[in-house]
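A.B. asks: Each protein sequence line maps, in turn, to chains A and B.
Numbered according to the working numbering, the first sequence spans residues 1 to 115.
Numbered according to the working numbering, the second sequence spans residues 1 to 111.
For glycine and all other residues, C-beta sits at the position ideal for the given N, C-alpha and C.
Please read all numbers here as calculations on a predicted model, not as lab measurements.
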Amino acid sequence: DTEVTQTPKHLVMGMTNKKSLKCEQHMGHRAMYWYKQKAKKPPELMFVYSYEKLSINESVPSRFSPECPNSSLLNLHLHALQPEDSALYLCASSQEGRVGRREQYFGPGTRLTVT
Amino acid sequence: QKEVEQNSGPLSVPEGAIASLNCTYSDRGSQSFFWYRQYSGKSPELIMFIYSNGDKEDGRFTAQLNKASQYVSLLIRDSQPSDSATYLCAVRKNAGNMLTFGGGTRLMVKP
């Protein structure tokens, strides 16, 4: 089973709203990722968690705040977003600790629209 | 020069033909190579990964890696209209977790 789940599927929020995106996996993966993808572009890495600790932040604005409550869950808290933040937000997970065995599996994504 | 390059396409092939998708990368230290398929409006789906020089086959898909020439390719045999999608090449440079994606190649398989 290579399933990563994400909720909600779609989200529309105003620029003053606070919302959260959720991601869950039960594959025992210890690395989890947030990506942002705009239309006709490849996924763009935002954050990486390794063993529940933030290991990579790709200079993402502070209006995006990641959280990893446990090894299966990953959240992305959103606050005061801008219309240009509208995109498909993808969660992915992979194994850790074994070089060459870290295939990343993506969830279905959350389509975010900021009005 | 981009780190991972793909022809954006569209690559158009007739149903039943072999589709050949290519990807070149700039960092000789790259270790792991992945092909993702992405249908319009959907998330990327991992279809192949390859770590060693040579060919790796899985059903109708074959991944080919040539580290000396720094390219990786994906062959799709007996192409079907359902294979029409964007194919993303991704490369992991070292022991870390970061993937670098190419821009993707749009494949169109015509009945």
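For residue 49 of chain A, which residues does DSSP report across the bridge?
C.D. replies: Numbered from its first residue, the first sequence carries residue 49 of chain A at position 49. Residue 49 of chain A is bridged to A/32, A/54.
A.B. asks: Check the DSSP bridge columns for residue 50 of chain B and list the partner residues they point to.
C.D. replies: Here residue 50 of chain B refers to the residue found at position 50 of the second sequence. Residue 50 of chain B pairs with B/33.
A.B. asks: For residue 70 of chain A, does the count of other Cβ atoms within 10 angstroms reach 16, so buried, or fall short, so exposed?
C.D. replies: Numbered from its first residue, the first sequence carries residue 70 of chain A at position 70. Label assigned to residue 70 of chain A: exposed.
A.B. asks: Cα-Cα, which of B/79, B/52, B/10 is closest to residue 68 of chain B?
C.D. replies: Start at 1 with the first residue of the second sequence, and residue 68 of chain B comes out as number 68. Checking every option, the nearest Cα to that of residue 68 of chain B belongs to B/52.
A.B. asks: Report the three-state DSSP secondary structure of residue 71 of chain A (helix, strand or coil).
C.D. replies: Residue numbering aside, residue 71 of chain A sits at position 71 when the first sequence is read from its first letter. The answer is coil: DSSP assigns residue 71 of chain A none of H, G, I, E or B.
A.B. asks: Pairing CB atoms from the segment 60-78 of chain B with CB atoms from the segment 13-33 of chain B, are three or more of them under 8 Å?
C.D. replies: Enough Cβ pairs lie closer than 8 Å, so yes.
A.B. asks: So if I threshold CB-CB distances at 7 Å, which residues from the segment 30-42 of chain A count as touching chain B?
C.D. replies: So the close ones are 31, 42.
A.B. asks: Give the DSSP bridge partners of residue 94 of chain B, in chain order.
C.D. replies: Position 94 of the second sequence, counting from 1, holds the residue named residue 94 of chain B. Per DSSP, none; premise fails for residue 94 of chain B.
A.B. asks: Any beta-carbon of chain B closer than 8 Å to the one on residue 103 of chain A?
C.D. replies: Along the first sequence, one-based indexing puts residue 103 of chain A at 103. So yes, residue 103 of chain A belongs to the interface.
A.B. asks: What does residue 106 of chain B pair with, by DSSP beta-bridge criteria?
C.D. replies: Taking the first residue of the second sequence as position 1, residue 106 of chain B is located at position 106. Residue 106 of chain B is bridged to B/86.
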